[in-house]
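Below is one structure; the comments refer to it alone.
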Amino acid sequence: MKRKIITSLLAIFMFFSIGAAIAMFYITNTTTDLKKIIDLQEVEQLRRSLVINIQTVQSSLYAVNTPYSTELDSIIENTSSLEVTANECTGCHHPPRLSDRISDIQILIKDYEESLSYYITSRADSERIEKLKTEAVNIGNRLLAMTEQMSHKASLFLDSERDAAMMEINNVKKILAGTILITSFLGILVAVILTRSVTRPIKELLDATRMITSGKLGSTISYTDRTEFGELAQHFNTMSTAIKDGYEKIQEEVTERSVAEAALVKSEKFLSTIFDSIRDPFCIFDSEYRIVKINEAYADMKNIREGDLVGRTCYEVIHGRSAVCEGCIVTTTFRSKDPCAKDKLIIQSDGSPQWSEIYTYPIFNEKRDVLYIIEYTRDITDRKKTEENLKKSEERYALASRGANDGLWDWDLQLNEVYYSPRWKSMLGYEEDELSNSPDEWLDRIHQDDRVQVEMEITAHVSGQSPHFVSEYRMLHKNGTYRWVLSRGLSVCDMSSKAQRIAGSMTDITERKKAEEQLVFDALHDSLTGLPNRALFMDRLGHAVEREKRNSKYMFAVLFMDMDRFKVLNDSMGHTTGDALLVSVSERLEESLRPGDTVARFGGDEFAILLEDLGSKGEAIFIAERVQEKLRMPFRLSGQDVFTSASIGIAFSTTGYDQPEHLLRNADIAMYHAKANSGNERFKIFDTGMYDTAVARLQLETDLRQAINQNEFVLHYQPIISMEDGSIEGLEALIRWQHPVQGFIPPNEFIPTAEETGLIIEVGEWVLHEACRQLTAWHKQYPSISHLSISVNISSKQLLPKLINQVREVLHETGIRPECLVLEITESMIMENAKVASPLLLQLKDMKVKIHIDDFGTGYSSLSYLHQFPVDVLKIDRSFVKRIGDNDDNLEIIRAITTLAHSLEMSVIAEGVETEEQLTQLKALGCEYMQGYLFSKPLNSKDIEALLQKGRMDLVTFFTRTQFKS
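Take the working numbering: the last position of the sequence shown gets the number 1006, and nothing is skipped along the way.
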């Protein structure tokens, strides 16, 4: 294509150059002709000048009368012009004949000039002058005629030259026009040819690329020639074919990768199943020796946390090396692609040896490339010891047969006789002469569930399928019991590799098996009571749920039991007695159940009972009542009778359950209702309303946590009135919850939940700090009431050693005086936590903080214990105040409490005073302080400030005349 373009352009250039050369030749000739024309034009101009000058001279001559006339000067001047003009004509380019004519004119002009000169300068007579004048006129006329003749010839020659020049110009025009036309035609022809040669392959190339873009890979171009386009088409076809082949190869690789990924997912699921079921150390390595996954046993074996192992190379994190260890079994498996096994000796931190058997298994992809290596480790220390003993036994067979502790046996397969050592026989309780040499003496004593497996393992070893014979099974002892034994053996083969005999040992592993069974038992049973634990209970409960799904008539129930006041008994009598109580309770529970029922201990004082195959719900209720009846009986512990009871929740399978956890959860909810709503020693049957209540309680707990962070709690204050003068002696801080959705929530609805969840500690800290802060502000605002105290209720959850630091920090931060802070603690709280409460109260007393016992009279403590605690005030519970007037017993109880308090130098506050009658009687009994709705309900801080400004309670002015007269 390049040659075509260059050849076409050269042809056009050469043709154009030839035409230009011809045109240049004609233009050169035309230029010469034009120069001649110009010269002829100059001759014509000279001729005209000559004619004019001659005519001027001639006219002057005819006009001159005398030689001295004034026209003579003009004649002389014009004659000089004739000479000059004639000389100029000689410098022009003329034809030869015209040049000769000009020369003649020049000669004649000189003669004419001489004649005029003679005429002009002559001093002759007039005749002579006239003769000279006539002669000059004749010469002038002859000169004029010659000039006219020369002009005519020049004019003819000029016309001839002009025609020749115009012909040359026309030829040039024709040549140029022809050259342009031919050149344009050749250019168009070349352009058309070149365009066809370029656009066709480009169009085919464009069509092919469009087809490839639309997905038709492998599209080719049919264009072929020997130009560059032909070569381009050939290369494009090669490239298109390569793209198609490459795409197909990529498709194959994508398919292979998808298959590999699917296989990997399947493998991962399989490995996850293995991980969930294997308790021995287990690990997976990738091709870079990085640890991909391990189980907990592997991390424990290496004594390294799982997070520090996964993702790192084994030689770096385990062995502290920078390269793979020599003789690494993982490397062997990577190279051989075969499973490998290796025994490894590890010296423990205590110096004892531990043998581990390490197995490695490769995981392949579809191309049988090893992707991962699974490493499984098993403790074979016992087996190694046994093998070592066996080896020594084989070396010293004669001595070992008499002195070895293990029983030895030697089975002659050809004679079908077995030698049993004395120790082998004694292990089964037989004397040496009591057993024959028959194999049946051995095989017939194997437990029927184990015999088939033992025979298969012996056959596998004898036939060469296993390297040695090792089997654990049960053997019948002479006393009728079964003993667990471990038998090991090796076969001796002849030249043809056929086993001739097999010899080995038998070890009594009964104690080891018992230990293993004990481990399994311990994993599924409570260590204290021996009862099933939660894991075993949930397993049995799951089976019960499955049976109920298969048989709709099958009914069972779950009883969830929590002992009442166990913590009090445990703390007061000691943990040893508490543990003994739990054991005794578990025994009574087992006595109360039917065969096949399950009782489990979940921890602490919680028990669960599974009653299966019930005929009716009444059976479960009867058993629950029997359990409570058994528990009501006294327990004799540490030389004294201990009484307890239990709250029970019952959930029946008739409600329909898919998950055993839901059944247990509902029984727990029912137990909570039994404990919370019915008091101790009761049971409740679950219904859906209880679940809704539990959900609501859970929501309440969630909202309660948010309330602490979002400052939804506020304090109200109820005045404590002095009976001496009606002044406000103190204020009791009472918490209120302003819920953003539910509005006001009474304390009795959220305080129990806070107590149960432990949130009461945070709530109590907030109340203590807020109350002290508010009191400090009021002391500064109203200096006259600087004696005013603030009472804060303390929960049993707060009665901990850290309470001292909390109180000290609050006193320091708020600046409140210690004697203005009152901590109210219930009577039952002190008695339930006597060991903790006594030193705490003494420390608070040393800090000058006052202690009030709240709700006094409702507990179960002995009044004689009061003197042991640094108490300042007893608060009579509102339940006694409310029943004043109902009977004399309540009045006497109040009198006794007041008398006791005064004898112990304590003051008395009566709570819940609502009537004048109550006020009158309480004042008469000697109560120094009172609080209740008769004086004021709990008020917010703003309303309290209004009361503090007055200092006395206006609400009681109606009886001040009788009660507060000085």
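The beta carbon of each residue, even a glycine, is placed where N, CA and C say it ideally should be.
Item                                                                                                       : Value
First and last residue of the uninterrupted beta strand (DSSP E) at Met603                                 : Ala597 to Asp604
Same chain, Cβ closer than 8 Å to Gln989, neighbours up to 5 away in sequence not counted                  : Tyr822
Distance, Arg523 Cα to Val625 Cα                                                                           : 35 Å
The region 723 to 732 / the region 686 to 693 touching (three or more Cβ pairs under 8 Å)                  : yes
Contact set for Arg918: own chain, Cβ-Cβ below 6 Å, skip 5 residues either direction                       : Glu951 and Gly952
Stretch-stretch touch, CB-based, cutoff 8 Å, three pairs: the region 650 to 670 with the region 595 to 609 : yes
As assigned by DSSP and simplified to three states, the class of Val608                                    : helix
Beta-ladder partner(s) of Arg330, from DSSP                                                                : Thr353
At least 3 beta-carbon pairs within less than 8 Å: the region 663 to 676 vs the region 622 to 641          : yes
8 Å Cβ cutoff met for Ser327 and Leu411                                                                    : yes
Whole alpha helix (DSSP H) elements within the region 899 to 962, 4-residue minimum                        : 918 to 922 and 928 to 943
Distance, Asn873 Cα to Leu815 Cα                                                                           : 30 Å
Top-ranked residue by Cα proximity to Ser656, from Thr616, Lys593 and Gln680                               : Lys593
Separation of Asn211 from Ile78, as counted between CA atoms                                               : 21 Å
Boundaries of the beta strand (DSSP E) in which Val832 is found, first to last residue                     : Ser829 to Asn833
Alpha carbon of Ser527 to alpha carbon of Tyr338, nearest angstrom                                         : 29 Å
CA-to-CA distance, Lys554 to Gly22, given in whole angstroms                                               : Shown here, the chain extends from 41 to 1006; a query on residue 22 therefore has no answer.
Residue span of the beta strand (DSSP E) that contains Glu741, given as start and end                      : First-last for Glu741: Thr728 to Asn749, but that is the alpha helix (DSSP H), not the beta strand (DSSP E).
Segments assigned beta strand (DSSP E), at least 3 residues, entirely inside the region 771 to 850         : 783 to 785 and 829 to 833
Bridge partner(s) assigned by DSSP for Ile344                                                              : Beta-bridge pairing links Ile344 to no other residue.
Residue(s) in a DSSP beta bridge with Trp451                                                               : Val458 and Ile542
Straight-line Cα distance separating Ile486 from Gly543                                                    : The residue you asked about is not Gly; residue 543 is Ala in the sequence shown. Rounded to whole angstroms, Ala543 to Ile486 spans 18 Å at the Cα level.
Bounding residues of the alpha helix (DSSP H) (the contiguous stretch that carries Phe871)                 : Reading off the sequence, residue 871 comes out as Met, not Phe. Element bounds for Met871: Glu867 to Glu872.
Closest residue to Asp1019 among Ser392, Trp777 and Ile549 (Cα-Cα distance)                                : Given a span of 41 to 1006 for the chain in the structure shown, any question on residue 1019 remains unanswerable.
Asp698, enclosing alpha helix (DSSP H) - first and last residue                                            : Careful: Asp698 lies outside any alpha helix (DSSP H) and carries neither H nor E.
Three or more C-beta pairs below 8 Å linking the region 801 to 815 and the region 747 to 756               : yes
Per-residue DSSP class, three states only, for Arg423                                                      : helix
Check whether Leu677 and Ala734 have beta carbons under 8 Å apart                                          : no
The region 760 to 774 / the region 827 to 835 touching (three or more Cβ pairs under 8 Å)                  : yes
Alpha-carbon spacing of Asp681 relative to Arg605, whole angstroms                                         : 15 Å
Cβ pair Ile916, Val889 closer than 8 Å                                                                     : no
Buried versus exposed, by CB contacts within 10 Å (16 or more), Gln758                                     : buried
Beta strand (DSSP E) segment containing Thr617, residue limits                                             : Not the beta strand (DSSP E): Thr617 falls in the alpha helix (DSSP H), residues His615 to Ser632.
Distance between Leu704 and Arg330 (C-alpha atoms, nearest Å)                                              : 44 Å
Classification of Pro635 by the beta-carbon crowding that lies within 10 angstroms, buried from 16 upward  : exposed
Cross-strand partners of Ser531 (DSSP beta bridge)                                                         : Ile542
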